[in-house]
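Reviewing the structure listed below.
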Amino acid sequence: MADYDVVLLVEQELTAADAAQVRSLHEGLDDPVTYHVLLPLEDAAARLEASMGSLSAGEMLASPAMAMSDVDLDAVRKDCEDRSTRELHSTVAALQAAGAIVGSATVFSDPPIDALAAKVTEVDGREAIILTRPHVVAEFFHLDWTSRARRKIGVPVLHLLERETFDEQAGGTGEGVTGI
Numbered sequence: 074m075a076d077y078d079v080v081l082l083v084e085q086e087l088t089a090a091d092a093a094q095v096r097s098l099h100e101g102l103d104d105p106v107t108y109h110v111l112l113p114l115e116d117a118a119a120r121l122e123a124s125m126g127s128l129s130a131g132e133m134l135a136s137p138a139m140a141m142s143d144v145d146l147d148a149v150r151k152d153c154e155d156r157s158t159r160e161l162h163s164t165v166a167a168l169q170a171a172g173a174i175v176g177s178a179t180v181f182s183d184p185p186i187d188a189l190a191a192k193v194t195e196v197d198g199r200e201a202i203i204l205t206r207p208h209v210v211a212e213f214f215h216l217d218w219t220s221r222a223r224r225k226i227g228v229p230v231l232h233l234l235e236r237e238t239f240d241e242q243a244g245g246t247g248e249g250v251t252g253i
């Protein structure tokens, strides 16, 4: 009996409900299922830009200018690494609590689809599951991870929305995704 390896690309920490939903997809398989989790390293530069970009023009004019040299980029980067590692450990714990076997768990900094394709090849993955927050604009233009993964790797790719049940993702009636 061979393992059925599933590679999970998660955008953020999985909840217990997310983990149970993923695990439920493979109940009843004869082969043992092993999950391999990939979580992208939060980008320190993007985080800094986002926090600075959230300041209104009035706040920028009223407060003294913050020089980039005043920002400890190494400290921000370390905080991002620590946060991503904690989220990865929590995700693994949630999967294990749902009865899943986790073969590997990695925080990565490569482009997400490249990391997914490499892991699928490395473990001879049978399927890939991508769990993200809803990104309506990206999905509309087919720029999301799932569309790109389907073009790049040769295994089935399932896209789930984190923190939504199968029924919520299907609009409650099984007729399609809501919110578009």
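Residue numbers (my numbering): 74 to 253.
For glycine and all other residues, C-beta sits at the position ideal for the given N, C-alpha and C.
Give the range of the alpha helix (DSSP H) segment to which residue i is assigned.
i    : result
I186 : P185 to V196
V95  : A89 to S97
Is the distance from the Cβ of residue i to the Cβ of residue j below 9 Å?
i    : j    : result
A188 : V95  : no
H109 : D78  : yes
S157 : V180 : yes
L112 : I202 : no
I226 : A178 : no
Grouping DSSP H, G and I as helix and E and B as strand, with all else coil, what is residue i?
i    : result
S163 : helix
V180 : strand
L204 : strand
D104 : coil
L231 : strand
L168 : helix
L146 : helix
Please report the distance separating the alpha-carbon of residue i from that of residue j.
i    : j    : result
L204 : R159 : 18 Å
G101 : D147 : 47 Å
E311 : L114 : Within the shown structure, residues of the chain are numbered from 74 to 253, placing residue 311 beyond reach of any answer.
T88  : A167 : 7 Å
D197 : A171 : 23 Å
P229 : A92  : 19 Å
M74  : E200 : 17 Å
D76  : V193 : 13 Å
L233 : V149 : 30 Å
Out of the options, point me to the one whose CA is closest to residue i's CA.
i   : options            : result
Q85 : A75, P185 and D103 : P185
Output the boundary residues of the beta strand (DSSP E) element that contains residue i.
i   : result
L82 : Y77 to V83
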